[in-house]
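From first to last, the protein sequence lines stand for chains A and B.
Using the working numbering, the letters of the first sequence map in sequence onto residues 25 to 124.
Using the working numbering, the letters of the second sequence map in sequence onto residues 684 to 922.
A short worksheet on the structure shown next.
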Amino acid sequence: MSWTLIVVLAAGAYVLKAAGLVGVGVRDFPAPIRNVIALVPAAVLSALIVKDTFTNGHDLQIDARAVGVAVACLAVWRRVPLWLVIVLACAATGTVRAIS
Amino acid sequence: MGRAKPSSKATDDWSGVVGPALGLGFAVFAFGLSFGVMCIDAGGSVPKAMAMSLFVFTGASQFSAVSVIAAGGSALSAIVGALILASRNAVYGVAVAPSLRGSLPYRLFASQFTIDETTGMTLAQETPARSRRAYWVTAASIYVFWNLATFIGAVAGSNIDTQKYGLDVAFAAAFVGMLAPLVRSVRARRVAAAGAVVCIAATPFVPIGAGIIVAALVALVGLRPGAERGPVVSTGGPA
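Pasting the structure below:
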């Protein structure tokens, strides 16, 4: 993780925030752009979930991580507080690794 | 702080904002701890983890970038994916702009704190004065807790075997928690499902981490006319 990455990311994230609050301000983005941006987190977060669960580099694999994420899904569905969701998921994956 | 209201009402107004803001701060604490630990695991250092949380300060994007780097992806993939995810903050900026009228320096400073939680809290208030106060109280709470947690996580992360304790699924679990409130509509659920499928399908063929970027293209279905307008913000996710 390079300093270049951090600086570029910080600058980019700030520019996006200010683009809305200062750049566009009390006007608004055109509806199509707003709709696309509103759907981005759903697409990206679910992609990140499967990436962190089922991939290892370029390979697809099913291992103890899948158990932890399954527990996380169950916990979120049961409306468990988010901090506990993370703890339960890690505990499940750690346990599977310890006994297998 | 309505002029005609008794002073006790003004006190209620403060507590009505401070309580939820502290609650959100506590909630992001667990995410901050995970972030600090995984930042170290991905080859970062305590100063790097802190620079991320102090200056990037948008949780899901920080997670995304570190997740891509941890998987062996390039800095470019990490940055592009994280910034696509951060694009929603531009929409949030527009949403909170009416509550944050002021000089250019004021708005430039306020911009750094335009994230899920501050936007959600600001939009939930009934009067402009309360909205403005909610924005700043929530910003202070999240900023302090997020950075404190990152620091503790990063320091602890240097001495933790993340594999042994299953901490490598902390991000995925956090992403599940962030995703849940976003997929209440059928359209969002379809986009989420398609994003997952596209990412898996692309993984063997694209650079590591670029699957996220390819999956983001699914959101372009929002260009189709007739798309419903969902809520501008979900208060369920972290910073």
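All C-beta atoms, glycine included, are put in the ideal place defined by N, C-alpha and C.
Source: prediction; values computed, not measured.
1. Drop a sphere of 10 angstroms on the beta-carbon of Y789/B, count the other beta-carbons inside from all chains shown, and report buried for 16 or more, exposed for fewer.
2. From the DSSP secondary-structure annotation, give me the bridge partner or partners of N80/A.
3. Give a yes or no on whether the minimum CB-CB distance between V32/A and chain B is below 8 Å.
4. Does DSSP put M25/A in a helix, in a strand, or in coil?
5. Alpha carbon to alpha carbon, how far is G802/B from P105/A?
6. Report, in whole angstroms, the separation of the C-beta atoms of T797/B and Y775/B, which I expect to be a contact under 8 Å.
7. Say whether the segment 83–94 of chain A touches the segment 880–888 of chain B, bearing in mind that this needs 3 or more beta-carbon pairs closer than 8 Å, one atom from each stretch.
8. Between F738/B, A902/B, T810/B, A765/B, which has its C-alpha nearest F746/B's C-alpha?
9. Can you check whether the C-beta of S125/A is within less than 8 Å of a C-beta belonging to chain B?
10. Are there 16 or more other CB atoms within 10 angstroms of the CB of I896/B, so buried, or fewer, so exposed?
11. Cβ closer than 8 Å: which chain B residues qualify as neighbours of I86/A?
12. Would you please verify whether the beta carbon of P54/A is less than 8 Å from any beta carbon of chain B?
13. Would you mind reading off the limits of the alpha helix (DSSP H) that contains R89/A?
14. I want to verify the contact list: residues of chain A whose CB lies under 7 Å from the CB of A899/B, in sequence order.
15. Pairing CB atoms from the segment 61–79 of chain A with CB atoms from the segment 865–881 of chain B, are three or more of them under 8 Å?
16. In whole angstroms, what separates the C-alpha of W697/B from that of G785/B?
17. Going along the chain, which residues of the segment 830–864 of chain B sit with their C-beta nearer than 8 Å to a C-beta in chain A?
18. What does F712/B reach in chain A if we use C-beta pairs closer than 9 Å?
19. Residue range of the alpha helix (DSSP H) that L900/B falls in?
20. Under 8 Å by Cβ, that's how I've got V50/A and A780/B pegged, so tell me the actual separation to the nearest angstrom.
21. Using a Cβ-Cβ cut-off of 7 Å (strictly less than) and excluding sequence neighbours within five positions of F792/B, which residues of its own chain qualify?
22. If you draw a straight line from the alpha carbon of G118/A to that of S717/B, how long is it in whole angstroms?
23. What residue range is occupied by the uninterrupted alpha helix (DSSP H) comprising P788/B?
24. Closest by CA to V904/B, which one among V74/A, A35/A, A67/A, V93/A?
25. First and last residue of the alpha helix (DSSP H) that includes P730/B?
26. Answer with yes or no whether the minimum CB distance from R790/B to chain A is below 8 Å.
27. Going along chain A, which residues have a C-beta under 7 Å from Q795/B?
28. Excluding sequence positions up to five away, which residues of its chain have a Cβ less than 8 Å from the Cβ of N830/B?
29. Skipping 5 residues on each side, what residues in its chain have a beta carbon closer than 6 Å to that of L705/B?
This is what the structure holds:
1. What you label residue 789/B is simply residue 106 of the second sequence in a count that begins at 1. In the assembly as shown, Y789/B is an exposed residue. Its beta-carbon has fewer than 16 other beta-carbons within 10 Å.
2. Numbered from its first residue, the first sequence carries residue 80/A at position 56. Note: N80/A sits in a beta bridge opposite D83/A.
3. Here the question's residue 32/A lines up with position 8 in the first sequence. With 8 Å as the cut-off, V32/A counts as an interface residue toward chain B.
4. Here residue 25/A refers to the residue found at position 1 when the first sequence is read from its first residue. Of the three classes helix, strand and coil, the one that applies to M25/A here is coil, per DSSP.
5. Counting from 1 along the second sequence, the entry for residue 802/B is found at position 119. Counting from 1 along the first sequence, the entry for residue 105/A is found at position 81. The sequence shown places Thr at residue 802/B, not Gly. Answer to the nearest angstrom: the Cα atoms are 21 Å apart.
6. Stepping through the second sequence from its first residue, residue 797/B is reached at position 114. Stepping through the second sequence from its first residue, residue 775/B is reached at position 92. About 5 Å separates the two Cβ atoms, so the contact holds.
7. yes
8. Residue 746/B sits at position 63 when you count from the first residue of the second sequence. When only C-alpha atoms are compared, the closest one is A765/B.
9. What is shown of chain A runs 25 to 124, which leaves residue 125/A out entirely.
10. In the second sequence, the residue the question calls residue 896/B occupies position 213. I896/B should be labelled buried.
11. Position 62 of the first sequence, counted from the start, is the residue given in the question as residue 86/A. In chain order: nothing, as chain B lies at least about 12 Å away.
12. To locate residue 54/A, count along the first sequence from 1; it is residue 30. It does not; no Cβ of chain B falls within 8 Å.
13. Within the first sequence, numbered from 1, the residue matching residue 89/A stands at position 65. Where R89/A is concerned, the enclosing alpha helix (DSSP H) stretches over 88–101.
14. For the purposes of this step, residue 899/B is identified with residue 216 of the second sequence, where counting begins at 1. Near A899/B (Cβ distances below 7 Å), the residues of chain A are V64, A67, V68.
15. yes
16. Within the second sequence, the letter at position 14 stands for residue 697/B. Within the second sequence, the letter at position 102 stands for residue 785/B. As the crow flies, the alpha-carbon of W697/B is around 22 Å from that of G785/B.
17. Q846, K847, Y848, G849, L850, D851, V852, A853, F854, A855, A856, A857, F858, V859, G860, M861, L862, A863
18. For the purposes of this step, residue 712/B is taken as residue 29 along the second sequence, with counting starting at 1. Chain A residues near F712/B: W107.
19. By 1-based counting over the second sequence, the position of residue 900/B is 217. Careful: L900/B lies outside any alpha helix (DSSP H) and carries neither H nor E.
20. Start at 1 with the first residue of the first sequence, and residue 50/A comes out as number 26. Start at 1 with the first residue of the second sequence, and residue 780/B comes out as number 97. With a Cβ gap of about 5 Å, V50/A and A780/B count as contacting.
21. Counting from one through the second sequence, the residue named residue 792/B turns up at place 109. There are no such residues.
22. Translated into the one-based positions of the first sequence, residue 118/A becomes position 94. Translated into the one-based positions of the second sequence, residue 717/B becomes position 34. The straight-line gap from Cα to Cα measures roughly 15 Å.
23. Here the question's residue 788/B lines up with position 105 in the second sequence. Unbroken alpha helix (DSSP H) run through P788/B: 787–794.
24. Within the second sequence, numbered from 1, the residue matching residue 904/B stands at position 221. The option with the nearest alpha carbon to V904/B is A67/A.
25. Here the question's residue 730/B lines up with position 47 in the second sequence. Note, P730/B: alpha helix (DSSP H), 729–734.
26. Here residue 790/B refers to the residue found at position 107 when the second sequence is read from its first residue. By this cut-off, R790/B is an interface position.
27. For the purposes of this step, residue 795/B is taken as residue 112 along the second sequence, with counting starting at 1. Within 7 Å Cβ-Cβ: Y38, K41.
28. Along the second sequence, one-based indexing puts residue 830/B at 147. Only G715, M733, S736, L737 meet the Cβ criterion.
29. Residue 705/B sits at position 22 when you count from the first residue of the second sequence. So the list reads S824, once near-sequence residues are dropped.
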